[in-house]
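Residue numbers (full-length UniProt numbering), protein chains in the order written: chain A, 1 to 120; chain B, 1 to 570.
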């Protein structure tokens, strides 16, 4: 048996949680066009300057919605996130008047594929 | 003062022996002596010259020679082999030099006595069966003198060069003087211009003389086997120049009795100028051309693999050989045959082989190759533990050497604390004041044993006699050296030139080369400098051509930014 790696896109809808005066999503992002892409542990291509999810707090809205560590965020509420600075990304995610954010993420996945002939 | 000396002598007589160079080495050194004296007697001018025939060793130089020289060579060869046979084996004979105190009067026969300096030490007395009588000595000396005839051919070259130089030097003077002598009355008077020319001739000749002295009046470093091409070229050039000038002089001036003295003087001045230019050419060819490095020579000693790299310029093979030898004597650690072999216990295991039995086959020729191949294959497959033994022996030896070395260092340090340089203000009893020699002898006894043991462990004891150690100690004491500086000579094996002249064996080198030795060096040339016990294999590589390109770096480009890797939680 061997592993196949592929990426697929997923739409995730996160409902923000109110904590005091803030609305939090429950994850951390890294990356951006003003950052150093070679330090990104999650990207396959080390020149990729996109926004990646670096941490997901346990039990937070992001985890509940199905976001995983290592996801690359392509769009937030229709806004493109592949060519933004880090700060711009943060701003787009933390708009005070939005309670729901819809993300389009790309996830790398490894799946085991079992050869037909080895079965039986 | 004599008292303490005698005491020391007695003390040292008992445990130590003294190694003197054996006779065969003394004999080997003797042939060198007449030859080294002969060049010193040369006092000719322009004695740069012509080392037409020469040798490194007596045996194998291949250039053509007269029959007499070959005869002498054979005679010397036979004598050498004879002397060697006579002194082969355990008994080595030494000639006792008069006046030198020998501290060991015992003769040992090669069995290892723990307390001796050397393995075999024998002292000649009149009654020993291997003593060399006075007749033998005179015969040896006469042989050496006869073989000095070989140098005649070499000195022919030198004499030729000197004669040519003298001729070239005197020719302008002759040109100037001959008209005055032969037809003085008919000469037109020549005033100031002539005087100016006379002065210039005088000074130019003086400069030529000084230049030749600087360039050519040097004791040659080596005798080369073949003609030194550039020198021959220069001599031919000078000869042609002088001859053509004489020719013109004879025809134009002597025959026609030219009255214009100024023309004659100018003619002479032009010759001197031409000679100065030839001297310039000599400087460029002989000295300057070889300075810029073009080749890298790798010299490897065949006996133990010591290797060095040298950069040289354009040289002929024989000159490169001389260069290598000069550097060999101060770069390579001294050749110590005792350090070469694997310990016997390691090697002997390999000797036992397999016995191969053939069953019923009659074809003997087929068998032998088949057998040998089978033996080799079986030996290769067999599990071989000799590397294990080698490793442990080496480790053990290392440990032993380090232990002895530690003891030696401590002993020497302690010994040096016993003496102190006398200061002016110290009021010492004049009887207690010693000169360096006595001070050395006084402290030598305390370190002698440790030194002896260390030298034996590192197998260096043939290279250092007690006398040499005492002399070195005296030298170090005179110059206020620390114990570490004193020991530097013994803790590491130094280059050959550090040791006694007997070790140098400088006359025994032979140049072996496939290409003619007057050819220049080229990439890939290999030649070998052979000596009796080992050889130096020298290979040539051209220094690569470097293509350097320039790149301009704008100082404004030296600006930097932080590498950001922020993580924000949202």
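All residues carry an ideal CB built from backbone N, CA and C; glycine is no exception.
Model, not experiment: these values are computed from the prediction.
Going by DSSP, residue 13 of chain A is part of the beta strand (DSSP E) stretching over 2-15. By the neighbour-count criterion, in which a residue is buried when 16 or more other Cβ atoms sit within 10 angstroms of its Cβ, residue 210 of chain B is exposed. DSSP places residue 64 of chain A in the helix class (H, G or I) of the three-state scheme. When A:50, A:80, A:79 and A:3 are compared, the shortest CA-CA separation from residue 35 of chain A is found for A:50. For the C-beta of residue 27 of chain A, the chain B residues within less than 9 Å are, from N- to C-terminus, 569 and 570.
Inter-segment contact for the segment 439-449 of chain B and the segment 409-416 of chain B is present: three or more beta-carbon pairs are separated by less than 8 Å. DSSP places residue 89 of chain A within a helical segment (H, G or I) once states are collapsed to three. Scanning A:60, A:68, A:105 and A:73 for the CA closest to the CA of residue 23 of chain A turns up A:60. For residue 467 of chain B, the enclosing alpha helix (DSSP H) stretches over residues 466-478. Restricting attention to B:524, B:273, B:556 and B:551, the CA atom closest to the CA of residue 541 of chain B is found in B:524. Between residue 107 of chain A and residue 71 of chain A, the beta carbon gap of about 5 Å places them in contact (Cβ cut-off 8 Å). Between residue 458 of chain B and residue 333 of chain B, the C-beta spacing is not below 9 Å. When rounded, the separation of the alpha-carbon atoms in residue 231 of chain B and residue 277 of chain B is 15 Å. At a Cβ-Cβ threshold of 9 Å, residue 408 of chain B and residue 453 of chain B count as neighbours. Within the same chain, no residue comes within 6 Å of residue 283 of chain B by CB-CB distance, once the 5 residues on both sides are set aside. Interface with chain A (9 Å Cβ-Cβ cutoff): residue 340 of chain B is excluded.
Residue 179 of chain B sits in a helix when the DSSP states are folded into three classes. With contacts defined by Cβ atoms closer than 9 Å, residue 512 of chain B and residue 450 of chain B do not form a contacting pair. Taking C-alpha positions only, residue 494 of chain B is separated from residue 244 of chain B by approximately 56 Å. The beta carbons of residue 290 of chain B and residue 305 of chain B sit no closer together than 9 Å.
For the segment 93-109 of chain A, the residues whose beta carbon sits under 7 Å from a beta carbon of chain B are, in order, 93 and 94. In the three-state DSSP reduction, residue 567 of chain B falls in the strand class (E or B).
The segment 252-325 of chain B contains, as complete alpha helix (DSSP H) runs of 4+ residues, the segments 261-283 (chain order).
Under a 10 Å Cβ-count criterion, residue 29 of chain A is classified as buried, with 16 or more other Cβ atoms of the shown protein chains found around its own Cβ.
Residue 502 of chain B sits in a helix when the DSSP states are folded into three classes.
Distance between residue 9 of chain A and residue 562 of chain B, taken at the CA atoms: about 33 Å.
Within chain B, the C-beta atoms nearer than 7 Å to that of residue 54 of chain A come from 567, in chain order.
Taking one beta carbon from each stretch, the segment 292-300 of chain B and the segment 181-198 of chain B have fewer than 3 pairs nearer than 8 Å; the two do not touch.
For residue 103 of chain A against residue 12 of chain A, the beta-carbon gap comes to about 5 Å, under 8 Å, which counts as contact. Inclusion of residue 188 of chain B and residue 257 of chain B in the CB contact set at 9 Å is not warranted, their separation being larger than that value. Here residue 59 of chain A carries a coil assignment [DSSP, helix/strand/coil].
Taking a beta-carbon distance threshold of 9 Å, residue 57 of chain A counts as an interface residue toward chain B. In the three-state scheme derived from DSSP, where H, G and I count as helix and E and B as strand, residue 18 of chain A is classed as strand.
Contacts with chain B at 9 Å (Cβ-Cβ) include residue 90 of chain A. With its beta carbon at least 9 Å from every one in chain B, residue 48 of chain A lies outside the interface. Taking a Cβ-Cβ threshold of 8 Å, the residues of chain B close to residue 34 of chain A are 564, in chain order.
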